[in-house]
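Chains A and B, in that order, are what the protein sequence lines are. Going by the numbering used here, the first residue of the first sequence is number 404, and it counts up by one from there. Going by the numbering used here, the first residue of the second sequence is number 404, and it counts up by one from there. Even glycine gets a Cβ: it sits at the ideal position worked out from N, Cα and C. Working notes, beginning with the structure itself.
Number of protein chains: 2
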Amino acid sequence: MSPQALRELIAQGKFDRPTSGECPGYVQANMVALPREYAKSFEKFARANAKAIPVLEVIDEGFTSKIMAKGANILTDIPRYNILKNGVVVEEVTDITPYYQEDLVFFLIGCSFSFENALIQNGMPLRYVDEKKNVSMYRTNIKLNEVDGFSGEMVVSMRPIKKEKVADACVVTSHFPRMHGSPIHVGYPEMIGVKDIANPDYGDSVLIKEDEIPLFWPCGVTPQNVITKMKLPFAITHAPGHMFVSDVKDSEYYE
Amino acid sequence: MSPQALRELIAQGKFDRPTSGECPGYVQANMVALPREYAKSFEKFARANAKAIPVLEVIDEGFTSKIMAKGANILTDIPRYNILKNGVVVEEVTDITPYYQEDLVFFLIGCSFSFENALIQNGMPLRYVDEKKNVSMYRTNIKLNEVDGFSGEMVVSMRPIKKEKVADACVVTSHFPRMHGSPIHVGYPEMIGVKDIANPDYGDSVLIKEDEIPLFWPCGVTPQNVITKMKLPFAITHAPGHMFVSDVKDSEYYE
Chain A
404 MSPQALRELI
414 AQGKFDRPTS
424 GECPGYVQAN
434 MVALPREYAK
444 SFEKFARANA
454 KAIPVLEVID
464 EGFTSKIMAK
474 GANILTDIPR
484 YNILKNGVVV
494 EEVTDITPYY
504 QEDLVFFLIG
514 CSFSFENALI
524 QNGMPLRYVD
534 EKKNVSMYRT
544 NIKLNEVDGF
554 SGEMVVSMRP
564 IKKEKVADAC
574 VVTSHFPRMH
584 GSPIHVGYPE
594 MIGVKDIANP
604 DYGDSVLIKE
614 DEIPLFWPCG
624 VTPQNVITKM
634 KLPFAITHAP
644 GHMFVSDVKD
654 SEYYE
Chain B
404 MSPQALRELI
414 AQGKFDRPTS
424 GECPGYVQAN
434 MVALPREYAK
444 SFEKFARANA
454 KAIPVLEVID
464 EGFTSKIMAK
474 GANILTDIPR
484 YNILKNGVVV
494 EEVTDITPYY
504 QEDLVFFLIG
514 CSFSFENALI
524 QNGMPLRYVD
534 EKKNVSMYRT
544 NIKLNEVDGF
554 SGEMVVSMRP
564 IKKEKVADAC
574 VVTSHFPRMH
584 GSPIHVGYPE
594 MIGVKDIANP
604 DYGDSVLIKE
614 DEIPLFWPCG
624 VTPQNVITKM
634 KLPFAITHAP
644 GHMFVSDVKD
654 SEYYE
């Protein structure tokens, strides 16, 4: 299915699942929408934490993408959204048209789903994709660089990788620096403050086999964690794992 | 010091220590010498296990290097050698001139010391280099591909790396595929049959700090392990950690 076709299904409310494994080879993006008064500071914060929050596009007029998927409607073309008030998710919805305000600025942020295809093509199948689950995501103790009052800790996604493929996974994903790049941590979940690997903070739990090692990549859910901690009065984000699927090929972001 | 100057000291018996950290930026090599009747099979075995045993030069006439250090005398220019009879190290010597036989074939094999400089330059200091120790090496349960009766398990070298630098270490060393390339294993020593990380099978023990993870690279001591297991009647190798320092820059092997 083309990204356009998938986004059309999503806009029609016919697809509201996690997007991992969909439209292989196309870049997927996290979304954060903030009132204009916070947008400049958030952008600076993102740039100071570019491995966790790599900004791909800023839409500060209207709600239509100009770079990642020309003409796509950010209000309807993501499968699920979280509405946050004072840092708390008050609602999960499939269409944010009713919540649109003219002063909202939308950020599209690189997502590790974009390099899944490269991992699979290089002999690293992904269990959560095969099982049509959401990726496992965890809050960590990895501190972000503080900017203009924005601060907090990184959220990571986890993929179990066969032990003899761990270095390959680091190398393959390093070629996608704007999709978080190489892992931020390898093995030993407790070293980054993940206490129970079987109970992710977001997404689904996946099995880690005896000959596999958990690899952790920075995750675009990080801003939600920050917004929650800051108790920002209002924000909209994608729901973890439910991404904006763009028209841009992952090869265009291969460095 | 230039590699030529170091080799001269070595030939004079004035340097017989491990060579890690010496002549940074120059390729170092493992050495294996075998009677001609085993040489062809060993070469095939090496090529079938190129990540562990990457052959850089074969000297099958005389004992002088033509590629890695033109004119260097393989019999005197390595700090220490092991003499193996029936697979047992019967002597460790600093000069093998008395053991030379016309039918010996010498193999120079890529060594991970060659990418130490790249690790250090990329912000990964190496404790054993700083402490002027030999690198820690371990026998593993990683099976080699069997060829013509040559078989056995891989030997690995271990370097503790800061947890946030693990992926970088994989990426940096992946650019030196003929010096073993990226790690064969990351963390969890027991997964590759290393039971006591504090007691290496070759070299010195080094501290692994709380915020560090042990990374394992294939090691050119692997052939010695194979020769020992096969109980080959006669062989000469370098002593683990005591390498042939060549005149070739590591940048020439950067891919």
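query                                                                                                                                                                          : result
Check Asn476 of chain A in the structure and name its three-state DSSP category.                                                                                               : strand
Quick one: Cα of Asn489 of chain A to Cα of Pro636 of chain A, how far?                                                                                                        : 4 angstroms
Counting only beta-carbon separations shorter than 7 angstroms, does Lys566 of chain A have a partner in chain B?                                                              : yes
Checking 7 angstroms against the spacing of the C-beta atoms, do Asn666 of chain A and Val558 of chain A come in under that value?                                             : The structure shown does not extend to residue 666 of chain A, since chain A is modelled only from 404 through 658, so no value can be given for it.
Examine chain A for any beta-carbon lying closer than 7 angstroms to the beta-carbon of Ala570 of chain B, and answer yes or no.                                               : yes
When Cβ atoms are compared, which residues of the stretch 595-624 of chain B fall closer than 9 angstroms to chain A?                                                          : Ile595, Glu613, Asp614, Ile616 and Leu618
Determine contact between the stretch 457-465 of chain B and the stretch 581-593 of chain B, defined as no fewer than three beta-carbon pairs at a distance below 8 angstroms. : yes
Determine the contact status of Arg483 of chain B and Asp419 of chain B, defining contact as a CB-CB distance below 7 angstroms.                                               : yes
What is the residue span of the alpha helix (DSSP H) that Asn520 of chain B lies within?                                                                                       : Glu519 to Gln524
Looking at the structure shown, is Gln431 of chain B part of a helix, part of a strand, or coil, going by DSSP?                                                                : strand
Pull up the CB-CB distance for Met471 of chain B and Val624 of chain B, whole angstroms please, since I reckon it's below 8 angstroms.                                         : Wrong, their Cβ atoms sit about 18 angstroms apart, outside the cutoff.
With 16 other CB atoms within 10 Å as the buried threshold, where does Ser654 of chain A fall?                                                                                 : exposed
Would you call Thr543 of chain B buried or exposed, if buried means 16 or more other Cβ atoms sit within 10 Å of its Cβ?                                                       : buried
What are the residues of the stretch 579-591 of chain B that lie near chain A, defined by any Cβ-Cβ distance shorter than 9 angstroms?                                         : Gly584, Ser585, Pro586, Ile587, His588, Val589, Gly590 and Tyr591
Mind checking who Leu618 of chain B pairs with in its DSSP beta bridge?                                                                                                        : B:Arg562 and B:Val589
Chain A partners of Val574 of chain B, CB-CB under 8 angstroms?                                                                                                                : Cys573, Val574, Ser577 and Ser585
Is DSSP giving Ile685 of chain A helix, strand or coil here?                                                                                                                   : Given a span of 404 to 658 for chain A in the structure shown, any question on residue 685 of chain A remains unanswerable.
CA-CA distance, Ser539 of chain B and Phe445 of chain A?                                                                                                                       : 46 angstroms
Does the beta-carbon of Glu425 of chain B have 16 or more other beta-carbons within 10 angstroms, so that it is buried, or is it exposed?                                      : buried
Determine which residues share a DSSP beta bridge with Thr660 of chain B and list them.                                                                                        : Here chain B covers residues 404 to 658 and nothing more, so residue 660 of chain B does not appear.
Nearest-angstrom Cα distance between Glu549 of chain A and Lys632 of chain A?                                                                                                  : 13 angstroms
If we ignore side chains and look at the alpha-carbon of each, how far apart do Leu522 of chain B and Glu534 of chain B end up?                                                : 16 angstroms
Alpha carbon to alpha carbon, what distance is there between Val435 of chain A and Ala642 of chain A?                                                                          : 10 angstroms
Have a look at A:Ile639, A:Met646 and A:Val648 and flag the residue whose alpha-carbon is nearest the alpha-carbon of Glu494 of chain A.                                       : A:Ile639
Within this structure, are the beta carbons of Phe619 of chain B and His588 of chain B separated by less than 7 angstroms?                                                     : yes
Beta-carbon separation of Lys566 of chain B and Met594 of chain A under 7 angstroms?                                                                                           : yes
Just to confirm, are Thr467 of chain A and Ala414 of chain A a CB contact at a threshold of 7 angstroms?                                                                       : no
What is the DSSP secondary structure of Arg530 of chain A, counted as helix, strand or coil?                                                                                   : helix
Counting C-beta neighbours from all protein chains within 10 Å, is the total for Glu464 of chain B 16 or more, i.e. buried, or is it exposed?                                  : exposed
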